[in-house]
Amino acid sequence: MKRYILLFCAAVILGACNKNDNMLQFDEAQSYIYFAYPNANTRSVEKYADSVYYGFALDADLQRKEKTIAIPIGIGGRAIAKDRGYTYVLEDSSKYDQATVKFSAAMIGASRYVDTLFITFQRTAKMKAEPTVLYLHLEQNEAFAPGNLYNQKIRIVVDDILNEPAWWNTWKNYFGPYQKEVFQQWMQVYHLGADPSPDLTTGAPGPIYYWNNMPTSAIASWYPVTFNYIQVLKQYFIDHQVYPDGDSTKERILLP
6 MKRYILLFCA AVILGACNKN DNMLQFDEAQ SYIYFAYPNA NTRSVEKYAD
56 SVYYGFALDA DLQRKEKTIA IPIGIGGRAI AKDRGYTYVL EDSSKYDQAT
106 VKFSAAMIGA SRYVDTLFIT FQRTAKMKAE PTVLYLHLEQ NEAFAPGNLY
156 NQKIRIVVDD ILNEPAWWNT WKNYFGPYQK EVFQQWMQVY HLGADPSPDL
206 TTGAPGPIYY WNNMPTSAIA SWYPVTFNYI QVLKQYFIDH QVYPDGDSTK
256 ERILLP
């Protein structure tokens, strides 16, 4: 019986070896290239992200006119003592205005294993209704071959859209009907770290609550710090004349 088991194991090993003969082999003399944008999801199997998002409406600087996104480009294999260009293609499914998007040179510097592709987006009125979307994929050239299979492509989305958050209706009596100007200012006032309160349900230490993770109930005795910041927000709109979409013909914004 043992002999049969040993024979079976040997057959499996031989079969695996034969399959390995057909596997793609990396050339040690070749340099490989891939998008190396860090994945914010630390639980993900993939170390690098295949999608990047930026929203002008969510930026701390509400007056920002342009944004440069830095995309790390990594290489595998040899680094050599001279600059080398790499090749990427913007897919036809991309949606962007060439006049408002600028790209840095596609270059890996001498002796470097990581360099950066800088993409600068100008803020446009169109972004308030429709996102700018870029689909980039790397192609082989005389210097590099595409490397990591999962990071040969990347999607970049940029917009200026600030949708009503899911929690707004719960807090509507204190914030009033949804207006993006109120939401934008609330992001400045009630940022992560402003409220040190622990989680009311689990007791987990703070900071827990902020503009993107609001308490589930609008009860002042339960969440006094949140309500203190609402008073700060209310005072801001008393002290500053702010109009919807900057249109002074409309009624100025004030909280209830």
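Just add 5 to wherever you are in the sequence shown, counting from 1, and you've got the working numbering.
Where a beta carbon is used, it is the ideal one built from N, C-alpha and C, also for glycine.
Of the candidates W173, G251, F40 and N218, the residue whose Cα lies closest to the Cα of A199 is N218. Taking 8 Å as the upper bound for CB-CB distance, D55 and K185 are not in contact here, some 29 Å apart. Where K87 is concerned, there is no enclosing alpha helix (DSSP H), because DSSP gives it neither an H nor an E. Contact annotation, I124 with F108: C-beta distance approximately 6 Å; criterion of less than 8 Å satisfied. Here DSSP, grouped into helix, strand and coil, assigns A62 to helix.
E96 and Y140 do touch by the CB rule: their CB atoms are close to 4 Å apart, below 8 Å.
If you draw a straight line from the Cα of G82 to the Cα of Y37, it comes to about 6 Å. Within the DSSP secondary-structure output, N218 pairs in a beta bridge with Y215. Taking 8 Å as the cut-off, the Cβ atoms of A75 and T121 count as close. Annotated as proximal: M112 and G90, with beta-carbon spacing under 8 Å. Note that the C-beta distance between V106 and F126 is below 8 Å. Taking C-beta atoms as the reference points, N178 and A104 fail to come closer than 8 Å. For the segment 139-226, the full-length alpha helix (DSSP H) segments reaching 4 residues or more read 177-180 and 185-194 along the chain. For I235, there is no enclosing beta strand (DSSP E); the residue is found in the alpha helix (DSSP H) stretching over P229 to D244. Rounded to whole angstroms, the separation of the alpha carbons of I258 and W172 is 20 Å. Around the beta carbon of N174, fewer than 16 other beta carbons sit within 10 angstroms, so the residue counts as exposed. Under the DSSP definition of a beta bridge, P249 lacks any partner. Of all alpha-carbon atoms in T221, N44, Q240 and V162, the one lying nearest the alpha-carbon of W191 is that of Q240.
P203 counts as exposed, since fewer than 16 other C-beta atoms from the protein chains shown sit within 10 angstroms of its C-beta. In this chain, V50 is not harboured by any beta strand (DSSP E), its DSSP state being neither H nor E.
The DSSP-derived three-state label of K133 is helix. Secondary structure at Q127: strand, using DSSP grouped into helix, strand and coil. The three-state reading of DSSP puts A75 in strand, counting E and B together.
In the DSSP secondary-structure assignment, T121 is bridged to P77. I258: not part of any beta strand (DSSP E); DSSP gives it neither H nor E.
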